[in-house]
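K.L.:
From first to last, the protein sequence lines stand for chains A and B. Positions 15 to 149 (this note's numbering) are the ones given, in order, by the first sequence. Positions 2 to 662 (this note's numbering) are the ones given, in order, by the second sequence. Quick one: structure below, then a few questions.
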Amino acid sequence: MKNKKFLIGGIIIGLAIVLLAFMGFQGGNSYYFTVAEALEQRDTLGDTQMRIQGAVLDGYESSNAGQSLFFTISHINADDAPEPITATIDVFYTGAPPNNFEAGRHVVVEGRFAEDGSFSAVSLVTACASKYESA
Amino acid sequence: MVELGYIALVLALLAAVFALVGFIYGGKEQASWLNRTARKVSIGVFALVTAAVLILEIALLTHNFEIQYVYQYTSTDMSPIYLISVLWAGNTGSLLFWAWVLSICSFILVLRQRPGKRELTPYTLAVVTFGQIFFLLLLIFFANPFARLDPAVFPIVPSEGVGLNPLLENPGMLFHPPTLLAGWAIFTVPFGFAISALINNKLDNTWISQSRRWVVMAWLLLGVGNILGAWWAYAELSWGGYWTWDPIENAGLIPWLLSTALLHSMVVQKRRGGFKFWNIGLATATFATIVLGALLTRSGILQSKHTFLSSAMDVMFVILLIIVIAGSIGLIIWRRNELKTDMTISNLVSREATFLLTNVLLVGSAIVILIGTLSPLLPGLPTVDTTFFNRAVLPIFIALVLLIGLCAAIGWRRPQIRKIQKTYIASGALSLVLIIILIVAGLREWWALAPAFIALFALFSSLITWVGDCLSRKRALSENFFQAALNLIRANRTRYGGYLVHIAIAIMAIGVIGSSVYDTETSAVLAPGETMTANGYEITYESLTGGGDGSRMEIGADLTVSQNGKLIGTMRPIKLFHRSYPGTSSKVAIRYSLVEDLYINLTGWEPIDSEDIQQGYWAGFTVKINPLATWIWIGGFTLLAGGLICYWPKGKKGPASSTEE
């Protein structure tokens, strides 16, 4: 009898956690795209807010005393092979990049597509720097 | 000289294999020739791995650039302290560090073994030695830290190395990687005790009491390591945050959450004989997530699935993970009948019940974080980002903080309802008053105020219970208050160290709420002499000035800062140009205070007139104000203090130390 009480309690907590995870997936994944996916969806989604994950290409520039940043992100190839890069998005970011921002780093940008097809980002998050390079 | 390092590793491997055989076949017979010899050989492994570490350190300190690792991670202009820290800055060095910590663990286990006692130790040592063999194999065959530079590329030894990534030259980096790595490595010992208890079919409290301090140490190092990593990100990465739910961070957090659960259920087994299954399950699961974390952070598997298993190291870690998981599950099924306990939880309002709930929530949060971290690999799941973790995990964490507040006054078995009521009413009232003050002050964000109430409640509830216990002791034994407080801690380190950790968590929660909900950011481009304002601060840009040394040049902006018209000081955010690294990095200026941090980043500059640079430069600034952020680090120190109290051994004549827990 006593154990049944705990079993029911445990099931309720378990279900609550599953529900939280489910809600997290609902909120966490809406409009979170790879570069290729974002390019496919660009016309249908218009100027909806979204997050895009990609790799920073060489040749980024900052302007306005470091307050604006222009760079291009490419689709992260499944095997990181040096294939010709076809899927890229130009990103304008208002703000200074984090210190570990550099060419090749994987970043997530959040913002909207502008009319000219470039992406106007309000947030820029880089992958962790303390990762070990593989031997 | 360098060859000696490699030879030491090879000899250590041979010795470790011998020791493993000795520990397994020597079995429980500690006096047997095999076991005695294995113990001696195990000390030899420690000596050999220590020698390898010393040889690598000497190579680092003497700039021996013929070694690839030294060339890749150091340069002649680095200070000795950072040269030493390069041992754990790269992949191969950190594997050597891991192997070294394991050899220290087995050395301590061997020293502490007593004839006729500690029958669990031989198999525990076998598990730790197995771990040593694993890492030595990696070092010898796949990641030799003593490997020389390829003579085909470097016909002569270079006179200068590439140098350490400048972002890693930060005090946080001196301590963050080794604490985390040591925490991961040391947890092998409790895992070993769990396996030994299963094999020996000795699932009573023996393995719990013998491994408790190892768990506390590993747990403490993991916790402090995570907090140091967060502080490093805050001080060094210039974006003003400290946690991004990165897989690397999660790899440190998941085992910490599981070992926190383990610490709780160990107390229940010790006191009431229950939770045997929980303890074995948590000890093995924590270790499995450590191996998984090592795999995730070293293989790059989450970035690209397709290169996964292309390196031999990945294959090795996967094999280890399979052995750990399959072996643990097999042993648990084999001993399933012995893991049953007859403890019944008679009352929902009892410490047993709150511990059970704590563990369910801790394990639940760990599973959710694990699923989120692995989401790129799991079929049918979308890849998640920080939103997922914030939505799915933070509510569980808030529930855990609430439990901290609720559990403090609850004792074992039957509740003392009056004591509980008094504590709840007092701490609830205090928290409510503070929240009302905040509302009167103009804060309206219920999603911050509600968790802030819960965190304050947890803080006050723990404090009130503690003070109440001190007062009872003061009355009963006619000691003064401070004597009573000290003696109380002395008499029951686990309990009061635990309270201190609970207080630390509540303090950190307050810091996280303040800095993540109420942070503000202002950007401006200023000419010399111009002032920008941000939340009551007036920041005046005076001029750009240079500085630096042979290895780097710096450009800093001299700022005068006033608050509400009163001068409070000068600050100087910097941009650094490194000799051996391309690009620049920012060194933010931070003014820490208990109320809020002022966090200024120099984003760049442009000449006011490019024809005439005498006119000076525009400079760009991003100013962040992070309320209560300092409390996160204060909470970190409190956690360290609480953990150390839990870890500290009982005194020989500790008064009444075994009666209360």
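Just so it is clear, CB atoms sit at the ideal spot from N, CA and C, and this is done for glycine as well. Computed from a prediction, not measured in an experiment: that's the story for all the values here.
Taking C-beta pairs closer than 7 Å, name the residues in chain B that L21 of chain A reaches, listed in chain order.
P.N.:
Taking the first residue of the first sequence as position 1, residue 21 of chain A is located at position 7. Those do not exist, as L21 of chain A stays about 12 Å from chain B at its closest Cβ, beyond 7 Å.
K.L.:
Are there three or more Cβ pairs, one per stretch, closer than 8 Å when the segment 77-93 of chain B is compared with the segment 32-44 of chain B?
P.N.:
Not touching, per the Cβ criterion.
K.L.:
Would a C-beta distance cut-off of 8 Å place S88 of chain A and V49 of chain A closer than the cut-off?
P.N.:
Here residue 88 of chain A refers to the residue found at position 74 of the first sequence. Here residue 49 of chain A refers to the residue found at position 35 of the first sequence. It is a contact, given that the beta carbons lie within the stated cut-off.
K.L.:
Can you tell me where the beta strand (DSSP E) holding N602 of chain B begins and where it ends?
P.N.:
Here residue 602 of chain B is taken as the residue at index 601 of the second sequence, counted from 1. N602 of chain B -> beta strand (DSSP E) spans 597-608.
K.L.:
If I281 of chain B and A195 of chain B are in contact, beta carbons under 8 Å, what's the gap, nearest whole angstrom?
P.N.:
Counting from 1 along the second sequence, the entry for residue 281 of chain B is found at position 280. Counting from 1 along the second sequence, the entry for residue 195 of chain B is found at position 194. Rounded, the Cβ-Cβ distance is 5 Å, consistent with contact.
K.L.:
To the nearest angstrom, report how far apart L238 of chain B and S587 of chain B are at their CA atoms.
P.N.:
For the purposes of this step, residue 238 of chain B is taken as the residue at position 237 of the second sequence. For the purposes of this step, residue 587 of chain B is taken as the residue at position 586 of the second sequence. Using only the alpha carbons, I get a separation of about 8 Å.
K.L.:
Whose Cβ in chain B lies nearer than 9 Å to the Cβ of V136 of chain A?
P.N.:
Your numbering for residue 136 of chain A matches position 122 in the first sequence. What V136 of chain A touches in chain B: nothing, since even the nearest Cβ is about 11 Å away.
K.L.:
Does chain B have any CB closer than 8 Å to the CB of E116 of chain A?
P.N.:
Translated into the one-based positions of the first sequence, residue 116 of chain A becomes position 102. Interface residue, yes.
K.L.:
Is L29 of chain A close to chain B? Criterion is C-beta to C-beta, closer than 8 Å.
P.N.:
Locating residue 29 of chain A in the first sequence gives position 15, counting from the first residue. Not closer than 8 Å to any Cβ of chain B, the Cβ of L29 of chain A fails to qualify, so no.
K.L.:
Any C-beta of chain A sitting closer than 8 Å to the C-beta of P396 of chain B?
P.N.:
Within the second sequence, residue 396 of chain B is the residue found at index 395, counting from 1. Closer than 8 Å: yes.
K.L.:
Within its chain, find whatever has a CB closer than 6 Å to the CB of L229 of chain B; leave out the 5 residues flanking it on each side and keep chain order.
P.N.:
For this step, residue 229 of chain B is matched to residue 228 along the second sequence. The residues are G173, F176, H177.
K.L.:
Assuming Y538 of chain B is part of the beta strand (DSSP E), what are its boundary residues?
P.N.:
Reading the second sequence from its first residue, position 537 is the one you call residue 538 of chain B. First-last of the beta strand (DSSP E) with Y538 of chain B: 538-549.
K.L.:
Could you tell me which uninterrupted beta strand (DSSP E) segments, each at least 3 residues in length, are contained entirely in the segment 389-442 of chain B, listed from first to last along the chain?
P.N.:
Qualifying beta strand (DSSP E) stretches: none in this window.
K.L.:
Please tell me whether F136 of chain B has its Cβ less than 8 Å away from any Cβ of chain A.
P.N.:
Reading the second sequence from its first residue, position 135 is the one you call residue 136 of chain B. False, the Cβ-Cβ gap to chain A never drops below 8 Å.
K.L.:
Is the CB of G24 of chain A under 8 Å away from at least one CB in chain B?
P.N.:
Counted from its first residue, the first sequence places residue 24 of chain A at position 10. Cβ-Cβ to chain B under 8 Å: yes for G24 of chain A.
K.L.:
Looking at the structure shown, is N201 of chain B part of a helix, part of a strand, or coil, going by DSSP?
P.N.:
Position 200 of the second sequence, counted from the start, is the residue given in the question as residue 201 of chain B. The answer is helix: DSSP assigns N201 of chain B an H, G or I state.
K.L.:
Are the Cβ atoms of Q73 of chain B and L103 of chain B separated by less than 8 Å?
P.N.:
Numbered from 1 along the second sequence, position 72 holds the residue referred to as residue 73 of chain B. Numbered from 1 along the second sequence, position 102 holds the residue referred to as residue 103 of chain B. Not closer than 8 Å, so no.
K.L.:
Under 7 Å Cβ to Cβ from I25 of chain B, same chain only, skipping five residues before and after it: list those, please.
P.N.:
Your numbering for residue 25 of chain B matches position 24 in the second sequence. So the list reads A127, once near-sequence residues are dropped.
K.L.:
Against V526 of chain B, what residues of chain A qualify as contacts under a CB-to-CB distance less than 7 Å, listed in chain order?
P.N.:
On the second sequence, residue 526 of chain B is found 525 positions in, with the first residue counted as 1. Going along chain A in sequence order, the residues near V526 of chain B (Cβ under 7 Å) are N78, A79, Q81.
K.L.:
Using 8 Å as the cut-off, can you tell me whether the segment 408-418 of chain B makes contact with the segment 343-353 of chain B, which would need three or more C-beta pairs spanning the two stretches below that distance?
P.N.:
Enough Cβ pairs lie closer than 8 Å, so yes.
K.L.:
State the beta-bridge partners of H579 of chain B as determined by DSSP.
P.N.:
For this step, residue 579 of chain B is matched to residue 578 along the second sequence. Answer is B:R553.
K.L.:
Between the Cα of D343 of chain B and the Cα atoms of B:G275, B:N171, B:G331, which residue gives the shortest distance?
P.N.:
Here residue 343 of chain B corresponds to residue number 342 of the second sequence, with the count starting at 1. D343 of chain B has its Cα closest to that of B:G275, out of B:G275, B:N171, B:G331.
K.L.:
Ordered along the chain, which non-local residues of its own chain (more than five positions away) have a Cβ less than 6 Å from that of F115 of chain A?
P.N.:
Within the first sequence, the letter at position 101 stands for residue 115 of chain A. Result list for F115 of chain A: T140, in chain order.
K.L.:
Quick check on T287 of chain B - is its C-beta less than 8 Å from some C-beta in chain A?
P.N.:
For the purposes of this step, residue 287 of chain B is taken as residue 286 along the second sequence, with counting starting at 1. Not closer than 8 Å to any Cβ of chain A, the Cβ of T287 of chain B fails to qualify, so no.
K.L.:
Please report whether the beta-carbon of D610 of chain B lies at a distance below 8 Å from any beta-carbon of chain A.
P.N.:
Position 609 of the second sequence, counting from 1, holds the residue named residue 610 of chain B. Closer than 8 Å: no.
K.L.:
Listing by chain order, which chain A residues have their CB less than 7 Å from the CB of T604 of chain B?
P.N.:
For the purposes of this step, residue 604 of chain B is identified with residue 603 of the second sequence, where counting begins at 1. Those are A79, G80, Q81, A110, listed as they occur along chain A.
K.L.:
Does DSSP put I569 of chain B in a helix, a strand or coil?
P.N.:
Position 568 of the second sequence, counted from the start, is the residue given in the question as residue 569 of chain B. Strand, per DSSP.
K.L.:
So if DSSP puts H120 of chain A in a beta bridge, which residue, or which two residues, is it bridged to?
P.N.:
By 1-based counting over the first sequence, the position of residue 120 of chain A is 106. Answer by DSSP bridge pairing, in chain order: A:A69.
K.L.:
Nearest CA to the CA of A69 of chain A: which residue from A:V105, A:M37, A:Q40, A:F20?
P.N.:
Taking the first sequence and counting its residues from 1, the one referred to as residue 69 of chain A is at position 55. Comparing Cα positions, the closest option is A:V105.
K.L.:
So, does the CB of G38 of chain A fall closer than 8 Å to a CB anywhere in chain B?
P.N.:
Here residue 38 of chain A refers to the residue found at position 24 of the first sequence. Yes, contact with chain B.
K.L.:
Looking at the strands, I want to know which residues DSSP matches up with T261 of chain B.
P.N.:
For the purposes of this step, residue 261 of chain B is identified with residue 260 of the second sequence, where counting begins at 1. In the DSSP output, where bridge partners are listed per residue, T261 of chain B has none listed.
K.L.:
Tell me whether the segment 279-294 of chain B and the segment 76-91 of chain B touch, counting them as touching only if at least three CB pairs, one residue from each stretch, are closer than 8 Å.
P.N.:
Taking 8 Å as the limit for Cβ pairs, the verdict is that the segment 76-91 of chain B does not touch the segment 279-294 of chain B.
K.L.:
Report the option in B:S552, B:T122, B:R214 whose CA atom is closest to the CA atom of G28 of chain B.
P.N.:
Sequence index remark: in the second sequence, residue 28 of chain B carries index 27 (1-based). Measuring from the Cα of G28 of chain B, the nearest candidate turns out to be B:T122.
K.L.:
Quick check on DSSP: helix, strand or coil for Q55 of chain A?
P.N.:
Residue numbering aside, residue 55 of chain A sits at position 41 when the first sequence is read from its first letter. Helix at Q55 of chain A.
K.L.:
Would you say S594 of chain B and T631 of chain B are within 8 Å of each other, going by their C-beta atoms?
P.N.:
Sequence index remark: in the second sequence, residue 594 of chain B carries index 593 (1-based). Sequence index remark: in the second sequence, residue 631 of chain B carries index 630 (1-based). Contact: yes.
K.L.:
Look at the Cβ atom of A528 of chain B, then the Cβ atom of W606 of chain B, and state whether they are nearer than 8 Å.
P.N.:
Here the question's residue 528 of chain B lines up with position 527 in the second sequence. Here the question's residue 606 of chain B lines up with position 605 in the second sequence. No, the pair does not count as a contact, with Cβ atoms beyond the cut-off.
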